[in-house]
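Note that the protein sequences, when read in sequence, are chains W and G.
Going by the numbering used here, the first sequence opens with residue 13, and the numbers climb by one from there.
Going by the numbering used here, the second sequence opens with residue 2, and the numbers climb by one from there.
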Amino acid sequence: GQQVMQIPQYQHVQEGEDFTTYCNSSTTLSNIQWYKQRPGGHPVFLIQLVKSGEVKKQKRLTFQFGEAKKNSSLHITATQTTDVGTYFCAGQGAQKLVFGQGTRLTINP
Amino acid sequence: DAGITQSPRHKVTETGTPVTLRCHQTENHRYMYWYRQDPGHGLRLIHYSYGVKDTDKGEVSDGYSVSRSKTEDFLLTLESATSSQTSVYFCAISEAGLAAYEQYFGPGTRLTVT
């Protein structure tokens, strides 16, 4: 079945450093969504990308969808302690939304 | 936050006992989902519903059943709980479609099977 792989599994950075997580699918995706889960919380929707090569920005967060619609990335510029949490990508394949394993971001203030 | 509640929020149960988790929404969304979250596995879909009495299996449905008799309620039942079902269970809702629309998640239920 469809698989969505996300790397790295963990990332620890100093506050102010940049952070990137990558998402790769075994199949072409119709769209991809990104979610953030704070420690002890529930996943919260961040954004959806639909078009090949699409790039969207939300303040310090930049989301990209690959040209082949099989990969995506989330880049955070100048991390802040409020960015701590686990970031999940979720890709739509044939019919279902499949989540990556997530990247847990911790930050040293 | 979307109007989604889950009950109970925490439960400890013994192997072999049946367990029912409840998800309640006040958004009148058509689609409802049950996921389990385990370290290293992200969120995995157990079952979903696309309307009252309309449900389908997800990728990890063995040992679970669901029911939806009203738009606002989606129940997840572990027919005979096993230790491998120890997990955090999240309910989610969406306005339409499985992935065309964002999903809103409930606060989660932490289930421990001893």
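The C-beta atom is built at its ideal place from N, Cα and C for all residues, glycine as well.
On a predicted model such as this, the values are computed, not experimentally measured, just so you know.
When only Cα atoms are considered, Ile-5 of chain G and Tyr-105 of chain G end up about 8 Å apart. For Phe-91 of chain G, the chain W residues whose C-beta falls within less than 8 Å of its own C-beta are His-54, Pro-55, listed in chain order. Closer than 9 Å to the CB of Gly-112 of chain W there is at least one CB belonging to chain G. Between Lys-108 of chain W and chain G, the shortest Cβ-Cβ separation is below 9 Å.
Chain W has no Cβ within less than 9 Å of the Cβ of Gln-26 of chain G. C-alpha of Thr-115 of chain W to C-alpha of Ser-37 of chain W: approximately 15 Å in a straight line.
Among the CB atoms of chain G, one or more fall inside 9 Å of the CB of Phe-100 of chain W.
Contact between Leu-44 of chain G and Phe-100 of chain W is confirmed by a C-beta separation of about 7 Å, below the 8 Å threshold.
DSSP places Pro-19 of chain G outside any beta strand (DSSP E), giving it a letter other than H or E.
Distance check between Gln-86 of chain G and each of G:Ser-70, G:Asp-63, G:Gly-107, G:Gly-59 places G:Asp-63 closest, using alpha-carbon atoms only. Looking at the DSSP output, Ala-93 of chain G bridges to G:Tyr-34, G:Phe-106.
Beta-carbon to beta-carbon, Leu-117 of chain W and Gly-97 of chain W are separated by about 6 Å, close enough to satisfy the 8 Å threshold.
The beta-carbon of Gln-18 of chain W is placed less than 9 Å from the nearest beta-carbon of chain G. The Cβ neighbour count for Arg-10 of chain G, taken over all protein chains shown within 10 Å, is under 16; the residue is labelled exposed. For Arg-116 of chain W, the enclosing beta strand (DSSP E) starts and ends at 115–120. In the same chain as Thr-72 of chain G, and ignoring 5 residues on each side of it, the C-beta atoms closer than 7 Å to its own belong to Asn-29, Val-53, in chain order.
For Gly-13 of chain W, the chain G residues whose Cβ falls inside 8 Å of its Cβ are Glu-60, in order along the chain. Gln-21 of chain W sits close to Gln-113 of chain W, with the two beta carbons spaced by under 9 Å.
Of the residues W:Gln-26, W:Val-25, W:Leu-41, W:Thr-32, the one whose Cα lies closest to the Cα of Gln-15 of chain W is W:Leu-41.
Under the three-state reduction of DSSP output, Gln-86 of chain G falls in the helix class. Per DSSP, the beta-bridge partners of Pro-55 of chain W are W:Gln-49. Secondary structure at Thr-39 of chain W: coil, using DSSP grouped into helix, strand and coil.
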